[in-house]
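Notes follow once the structure below has been shown.
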Amino acid sequence: MSEGVAAAHDVLLVGGGAAGLRAAIAIAESNPSLSVAVVSKVYPMRSHTVSAEGGAAGAFAEDDTLDEHAYDTVSGSDWLCDQDAVEAFVQEAPRELLQLEHWGCPWSRQPDGHIAVRAFGGMKNMRTWFAADKTGFHMLHTLFQTSLKYADLTRYDEWFVSRLLVDDGRVHGVVAIELRTGRIEAITAKSVVLCNGGSGKVFPYTTNAAICTGDGMALAYRAGAPLKDMEFVQYHPTGLPFTGILITEAARAEGGWLLNKDGYRYLQDYDLGTPEPTPVLRSMELGPRDRLSQAFVQEVEKGRTVESPYGPIVHLDLRHLGAKLIDIKLPMVRELCLKYERIDPVKDLIPVRPVVHYMMGGVHTDINGATPIEGLFAAGETACVTINGANRLGSNSLPECLVFGARAGRAAAEYAASAQRPPPVVMQQVEDEIRRIDQMRRPERGSERIADIREEMQSTMEDSAGIFRSGESLSKGSDRLAELQQRLERVQLHDETQVFNTELVTALELANMLDIAETILQSALQREESRGAHQRTDFTTRDDTRFLDHALAYRDADGAVRIERSPVTITRWPPGERVYGR
Amino acid sequence: MADSIQMNVTRYDPDQDSAPTVARYEVPLRKDWAILDGLNYIKDHVDGSLSYRWSCRMGICGSCGMNIDGEPKLTCAAFLSDYAPGPIRVEPLSNFPVARDLVVDIGDFMEKLPRVKPWIVRDDVTVIDGEYLQTPEELEEYKQFSNCINCMLCYAACPIYGLEPDFIGPAAIALAERYDLDSRDRGQRERLDILIEKEGVWGCTFVGECTKVCPKHVDPAGAIQRYKLKAAQENVMAFLLPRGTR
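Protein chains in written order, with our numbering: chain A, -16 to 565; chain B, 934 to 1179.
If you want it as structure tokens, here you go:
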């Protein structure tokens, strides 16, 4: 092994959440002779999968069908998903969820011991598996603990990957900083799978954890891979106002109501059905997230929301569900409200507002997770296969991590089995990267603060590319981002030490986010229509003639975003009207 | 309420300092700010070199455990106003080597965890055969033990772990019990072989601090007691019957 190389592996998984760990186990099972490693900037059990609450969809119940799950997903996506990917997804999701069951996931049960399922937004049947309202937490710990069975699996915990090693269109590994020591080294691999989550932190109000800074997307983008459908940003309709903490959709699936300041179930005014005392599938509070978040903004405009110190809010009412149901089905909702809002949902209304939750877009991959760069794969929120199109349905993202994590893992293993060792020329890139990082740490660069630029980026994104956008707001946002990119060059780091230098990490994360933010704005600017989560006030209708296609954002040599378009795959469900509540 | 509060924060850089020092910072005292919000205020606006771990800020990722006024807490779930008028003492978790400032080295736990085989030990049924049936009552048997977030507060609170670093510790034993009690598992025997050793459950003198500090209401002390009973029964059996006949 050459100097500056920590280790050489066959397959390297970047990220240790649900997708990364599922990929790791898939490879350990299918190709045990391969050397497999997981590198993550946090310990795997800290990954953001841990925060997912409501559940994981898989058509498993006797009265459910794969076709119905597929149709819900396709119509939920406003026909922008690739239907071949959706068909593979719905077919493999139940088996993946069963596999988790065999690995010990504490799925909630029916009295006879069979798996219990609950309703979820935009889903016509009850098909969402759940582990109370801590589904992501239990899935992640089940995967992590199961991964410990494979003693040969190498882990690089708390290593921050700052660059992909790519030569002649092929990936050969990564450069990463070991936080414990500050060493910057290469970890080479014949194939690399990016599984490092989303980038909700480009926005100010988000359910996303601090670590969701779009690292995987930025790594791929800078290495020449396109980011697909970045204009589609999901606002979850029910986040807590100050913290952005998620109040799961399961709260509405169990019967919760959304009320405006007059105590009125306002969703009935937005073509989402008529209010019934108990939940009706694909109706009212169980409509899709994009439509619910848009209805909130319209309520604000009508002056029918409640003012709070953190802006307008509406109320989520669970009081009629009673303490018993809340404690069994929604214990975390109660715990979070008591802790962070000092209210008890058993007797108080919960203040909520839409907050950024999920990126439908991500690294462009095929149905096996392969990106256009040879040997580079992606899965989970980092990737865009896409089963989510213009709007993801709640409870589709956890099984997506499993299905496409396993697929990408197996495909990466297959590729690695035939690939060559990295050419010596990539070692030059390691030195370049060490120089780049050293450069960032020079005190004479300027006096800009990381937090100032980050906060301005976040407010720029909310103002220009929020739930409703326009050509004007997006252009203005893009100009401001260009200024912020220049200011980033003048950031001053105060931490000169090597060990656990989190300031350096936040600077690198900020650079990643600024790149991602620009792809969101440019993709949104060029999509002159309204579809799913992308609503333009200057182009208010869906335009299948011009825009039934994906946007691929490439990085030009000068750093500018170049958008290309590619067709949507339609297999069985031609574009139609999205109908909810009627 | 005053409009600011003092946080006395441990600083330590292993390359520069022979011993930890204390830095004093004034942060805004706001009703809904957690201790973590105070630390983020310091990092963003006062001193960017302060190092600590955090991520989800909703009490589930387990990253942000620190000692607050001497007690282990998740700093995203402990509030500045509960410590007013201050000052608030913020230190790294006890019983772990300090890597930097408020960051501790949890490598010891990460190495111990796999030893208790925290996974389902069973291979007689394939996924194609469908799910293992498990009634809500059977789920209830182990559920609380499955809520451990590996935040390390119980290790920081455990006086035994402080004195006897070989002790496998509360969270790892609670997770062993979580799988033992799972109706799908067949690995009780293998785990007992590990926990019956002296660094296993016998290290614990039942102080019970682990259960008191757990932010997720897991009862590691209860798990340890149950294991001691199993181990004691096992020892009686070993005395009565040679191993091959059991």
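Beta carbons are placed, not taken as given, at the ideal position from N, Cα and C, and that holds for glycine.
Where residue i falls: helix, strand or coil (DSSP)
i                       : result
residue 1170 of chain B : helix
residue 1135 of chain B : helix
residue 312 of chain A  : helix
residue 1179 of chain B : Bear in mind that a pLDDT of 46 at residue 1179 of chain B, under 50, signals an unreliable position, so the model cannot answer this.
residue -16 of chain A  : Only weak support is given to the placement of residue -16 of chain A: the predicted model assigns it a pLDDT of 46, under 50, and the question is left unresolved by the model.
residue 1045 of chain B : helix
residue 334 of chain A  : strand
residue 1000 of chain B : strand
residue 260 of chain A  : coil
residue 477 of chain A  : coil
residue 1145 of chain B : helix
residue 355 of chain A  : coil
residue 17 of chain A   : coil
residue 428 of chain A  : helix
residue 1164 of chain B : helix
residue 72 of chain A   : helix
residue -1 of chain A   : coil
residue 459 of chain A  : helix
residue 120 of chain A  : helix
Distance CB(residue i)-CB(residue j) smaller than 8 Å
i                       : j                       : result
residue 1092 of chain B : residue 1142 of chain B : yes
residue 176 of chain A  : residue 157 of chain A  : no
residue 178 of chain A  : residue 365 of chain A  : yes
residue 538 of chain A  : residue 205 of chain A  : yes
residue 274 of chain A  : residue 563 of chain A  : yes
residue 503 of chain A  : residue 200 of chain A  : no
residue 337 of chain A  : residue 220 of chain A  : yes
residue 516 of chain A  : residue 120 of chain A  : no
residue 19 of chain A   : residue 2 of chain A    : no
residue -10 of chain A  : residue 160 of chain A  : no
residue 494 of chain A  : residue 467 of chain A  : no
residue 255 of chain A  : residue 262 of chain A  : no
residue 939 of chain B  : residue 1025 of chain B : no
residue 222 of chain A  : residue 230 of chain A  : yes
residue 79 of chain A   : residue 385 of chain A  : yes
Closer than 9 Å at the beta carbon, the chain A residues around residue i
i                       : result
residue 1066 of chain B : 92, 95, 96, 97
residue 1076 of chain B : 89, 115
Interface partners of residue i on chain B, CB under 7 Å
i                      : result
residue 128 of chain A : 1051, 1052
residue 319 of chain A : 991
Per DSSP, the bridge partner or partners of residue i
i                      : result
residue 550 of chain A : A:532
residue 139 of chain A : A:22
residue 345 of chain A : A:211
residue 987 of chain B : Residue 987 of chain B is not bridged to any residue.
residue 367 of chain A : A:347
residue 567 of chain A : Lying before the first or after the last residue shown, residue 567 of chain A is absent from chain A, which here runs from -16 to 565.
residue 298 of chain A : A:242, A:334
residue 100 of chain A : A:112
residue 190 of chain A : Paired residues: none, contrary to the question.
residue 937 of chain B : B:961
residue 158 of chain A : A:146, A:169
residue 54 of chain A  : BP columns for residue 54 of chain A are empty, so no partner.
Chain-ordered neighbours of residue i on chain B, where CB pairs are closer than 8 Å
i                      : result
residue 582 of chain A : Nothing can be reported for residue 582 of chain A: it is not among the residues displayed for chain A, which extend from -16 to 565.
residue 509 of chain A : Those do not exist, as residue 509 of chain A stays about 34 Å from chain B at its closest Cβ, beyond 8 Å.
residue 483 of chain A : 984, 1032, 1033, 1034, 1036
Interface flag, residue i vs chain D, CB-CB below 8 Å
i                      : result
residue 947 of chain B : Although the question refers to chain D, the structure presented lacks it and instead comprises the protein chains A and B.
Under 9 Å from the C-beta of residue i: neighbouring residues of chain B
i                     : result
residue 28 of chain A : 994, 995, 1082, 1083
residue 25 of chain A : 986, 988, 994, 996
residue 78 of chain A : 1060, 1061
Any non-hydrogen atom of the ligand GTP within 7 Å of residue i CB
i                       : result
residue 1132 of chain B : Summarising the ligand content, the structure contains no ligands, and the ligand GTP is consequently not present.
Neighbour list for residue i in chain A, Cβ cutoff strictly below 8 Å
i                       : result
residue 1156 of chain B : Within chain A, no residue comes near residue 1156 of chain B; the closest Cβ sits about 16 Å away, beyond 8 Å.
Mind listing which residues of the region 445 to 478 of chain A have their C-beta closer than 8 Å to chain B's C-betas, in chain order?
-> 476, 477, 478
Relative to chain A, which residues along the region 980 to 999 of chain B have a C-beta separation below 9 Å, given in chain order?
-> 980, 981, 982, 983, 984, 985, 986, 987, 988, 989, 990, 991, 992, 993, 994, 995, 996
Check each residue of the region 271 to 300 of chain A: if its Cβ is closer than 7 Å to any Cβ of chain B, include it; give the result in chain order.
-> none
Residues in the region 1080 to 1097 of chain B with C-beta within 9 Å of chain A's C-beta atoms, listed in sequence order?
-> 1080, 1081, 1082, 1083
Taking Cβ-Cβ distances below 8 Å as the criterion, which residues of the region 1022 to 1042 of chain B are in contact with chain A?
-> 1032, 1033, 1034, 1036, 1038, 1039
Along the region 160 to 185 of chain A, what residues have a CB closer than 8 Å to any CB found in chain B?
-> 163
Select from the region 425 to 442 of chain A all residues with a C-beta closer than 9 Å to any C-beta belonging to chain B, and list them in chain order.
-> 432, 433, 434, 435, 437, 438
Identify each residue in the region 956 to 969 of chain B for which the Cβ-Cβ distance to at least one residue of chain A is less than 8 Å, and report them in chain order.
-> 965
For the region 1158 to 1174 of chain B, which residues have a beta carbon sitting closer than 8 Å to at least one beta carbon of chain A?
-> none
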